[in-house]
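Just so you know, our numbering puts 537 at position 287 of the sequence shown, and the rest follows in order with no gaps. Written out below as structure tokens is the structure these notes cover.
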Amino acid sequence: MNLLNNKNILLGICGGIAAYKTPDLVRKLKAAGANVRVVLTESGKAFVSPLSLQAVSANPVSEDLLDPAAEAAMGHIELAKWADMVLIAPATANFMAKLSHGLADDLLSTLCLATAAPITIAPAMNQQMWHAIPTQQNLQTLKQRNIRVLGPAEGEQACGDIGAGRMFEPEQLVDALNQRMVEPVLAGKRILITAGPTQEAIDPVRYLSNHSSGKMGYALAQAAADLGARVCLVSGPTHIVAPAGCDVIQVKSAEQMYQAVMEHVADCDIFIGCAAVADYRVDEVMSQKIKKDNDKLSLTFVKNPDILASVAALPKPPFTLGFAAETQHVDQYAQGKLHNKKLNMIAANDVSDQSIGFNSNQNALTVYWADGQQCLPKNDKYTLACQLLTLLNQHHNNA
Ligand code: C5P
């Protein structure tokens, strides 16, 4: 479905070499049916000409905050209100810094403060600049403010470096924007999601855990919120920023996760168990640090509660979706869990494939339900989350 049709996209172009791709980006946005107005920063003008952008967008290009003629035609507040979405591509390190600090010292930064439309940025810069601590801190601030970040991609850079910092290609940007112009199909639904690993204490300084990054669960929380749901995310320890617009409950152990879920499950219509919950915990957590006095050390484990199965076994369970991360016999194990845990649906992925699953930004899923299955081929975790939620929603509506 083309959700960009008739949408007003304000495209901000900053001064980076990737700006040379923006006339093509404008053409592709127009081809998708969007109305495009371009705002060019002072340094952006050094890389791409206003005349080219005016020709492809079929609209005058705005460059200056203090230009009386431009203000008389369409003032900056009017332009900010006109936009259904703001896309900044390329977004330089400098612009990200300005945006994160709320500066309004040129037309584009002022528009970003003056608009109520969602803002998406497509960063592009040298890989060292991308990894620099100030840029990464600004990135976290922007994400916390629900500013969407597309990319950057990795690869060869104009300066000769290789690494993260290439702007997403115009086609990728248009696809991503299209997916994010979503219809609120989950409006009115309350979704409880578990994500991330759990940490099981051994003594005051040590714990057992697993390689789950939490990315899939966080992508689901973000996508569910974007699709209009009220989301409560119960998360084990992760290094990623929680999606804006969701209630987040941070926990460490499986028992804490169980408690948090049981406290909130009565308020949800749909439960998604995406966390990699530790199956066992240490029977007796030492109150003092274990010393290395002995050559051998034995620990006794006891089973943790199965959160997902407990939710599905409630007298009035929500619609339940589980995950099955397997290294072999994926179909067989996933279908076994669907049946044994009495779930409505299960999404299985093969974590032995290094290019997907744990800690990767991509995943591929096969979703099973009582009398059917569907493959969701390899994609970034946010896109996959949208596809999975759309499928889940169809089944929830028919349940
Ligand atoms: O049995 P297995 O751990 O493979 O099942 C995976 C599914 O069960 C996941 O959805 C996971 O979040 C959930 N689970 C749980 N509580 C546990 C173990 C797994 O909710 N103790």
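Even glycine gets a Cβ: it sits at the ideal position worked out from N, Cα and C.
Could you check if Arg287 is buried or exposed, using at least 16 other CB atoms within 10 Å of its CB as the buried criterion? So Arg287 counts as buried.
Which first and last residues belong to the alpha helix (DSSP H) in which Gln500 is found? Run containing Gln500: none in the alpha helix (DSSP H); it sits in the beta strand (DSSP E), Asp497 to Gln500.
Specify which residues have a beta carbon nearer than 5 Å to any heavy atom of ligand 1, listing them in chain order. Look at which beta carbons fall closer than 5 Å to any heavy atom of ligand 1; those residues are Gly523, Ala525, Val527, Asn554, Asp556, Ile557, Leu558, Gly572 and Phe573.
Tell me the DSSP secondary structure of Leu408 in three-state form. In the sequence as presented, Leu is not what sits at residue 408; that position holds Ala. Taken through DSSP and simplified to helix, strand or coil, Ala408 comes out as coil.
Is DSSP giving Ile606 helix, strand or coil here? In this structure, Ile606 counts as coil in the three-state DSSP scheme.
Contact check, Cys264 vs Pro340 under 8 Å by CB: the rounded distance? With 8 Å as the limit, Cys264 and Pro340 qualify as a contact, their Cβ atoms being about 6 Å apart.
Could you tell me which of Leu423, Val424 and Gly467 sits nearest to Ile443, measuring between CA atoms? Considering only alpha carbons, the answer is Gly467.
Within 10 Å of its beta-carbon, does Gln582 have 16 or more other beta-carbons around it, so buried, or fewer, so exposed? Exposed is the call here.
How should Asp517 be labelled, buried or exposed, when 16 other C-beta atoms within 10 angstroms of its C-beta is the threshold for buried? So Asp517 counts as exposed.
Compute the Euclidean distance between the alpha carbons of Ser302 and Leu593, then round it to the nearest angstrom. The alpha-carbon atoms of Ser302 and Leu593 are separated by roughly 55 Å.
Taking the DSSP output, what are the residues bridged to Ala414? According to DSSP, Ala414 bridges with Glu404.
Opening and closing residue of the beta strand (DSSP E) in which Ile596 lies: Where Ile596 is concerned, the enclosing beta strand (DSSP E) stretches over Met595 to Asp600.
Considering only residues of the same chain and omitting the five flanking positions on each side of Asn544, which have a CB-CB separation below 6 Å? None.
Please state the DSSP three-state secondary structure of Thr448. In the structure shown, Thr448 sits in coil (DSSP, three-state: anything other than H, G, I, E or B).
Buried or exposed: which applies to Gln407, given that a residue is buried once 16 or more other Cβ atoms fall within 10 Å of its Cβ? Gln407 counts as buried, since no fewer than 16 other beta carbons sit within 10 angstroms of its beta carbon.
Of all the options Gly486, Ile596, Val311 and Ile490, which has the alpha carbon lying nearest to the alpha carbon of Pro300? Looking only at Gly486, Ile596, Val311 and Ile490, the smallest Cα-Cα distance to Pro300 is reached by Val311.
For Ala374, which residues of its own chain have a beta-carbon under 8 Å away from its beta-carbon, when the five flanking residues on both sides are left out? Result list for Ala374: Gly266, Ile267, Ala268, Ala339, Pro340, Ala341, Thr342, Gly401, Pro402, Gly415, Arg416 and Met417, in chain order.
Whole-angstrom Cβ separation of Ile441 and Ile383, contact assumed at under 8 Å? Your pair Ile441 and Ile383 does not check out as a contact, with CB atoms roughly 35 Å apart and the cut at 8 Å.
According to DSSP, is Ala265 helix, strand or coil? According to the sequence displayed, residue 265 carries Gly and not Ala. In the structure shown, Gly265 sits in coil (DSSP, three-state: anything other than H, G, I, E or B).
Cβ of Lys539 within 8 Å of Cβ of Pro454? Their beta carbons are under 8 Å apart, which means Lys539 touches Pro454 by this criterion.
Note down the Cα distance separating Glu419 from Lys257, rounded to an integer number of angstroms. Taking C-alpha positions only, Glu419 is separated from Lys257 by approximately 20 Å.
Going by beta carbon distance, what residues of the same chain come within less than 6 Å of Ala347, once the five residues before and after it are set aside? Within the same chain, Cβ atoms closer than 6 Å to the Cβ of Ala347 are found at Asn388, the five residues on either side in sequence being excluded.
Nearest residue (CA-CA) to Leu549, options Gly523, Met536 and Gly262: Closest option to Leu549, Cα to Cα, is Met536.
Cα-Cα separation, Ala451 to Arg531: Roughly 8 Å between the two C-alpha positions.
I need the DSSP call for Cys524, collapsed to helix, strand or coil. The answer is coil: DSSP assigns Cys524 none of H, G, I, E or B.
Residue nearest to Ala469 in terms of C-alpha spacing, selected from Lys541, Ile499, Tyr270 and Asn613: Residue Asn613 is the option with its Cα nearest to Ala469.
Which runs of the alpha helix (DSSP H), 4 residues or longer, sit entirely within the segment 304-373? As summarised for the segment 304-373, the continuous alpha helix (DSSP H) elements at least 4 residues long and confined to that stretch are 318-323, 326-332, 343-351 and 357-364, given in chain order.
Three-state secondary structure assigned by DSSP to Val515: In this structure, Val515 counts as helix in the three-state DSSP scheme.
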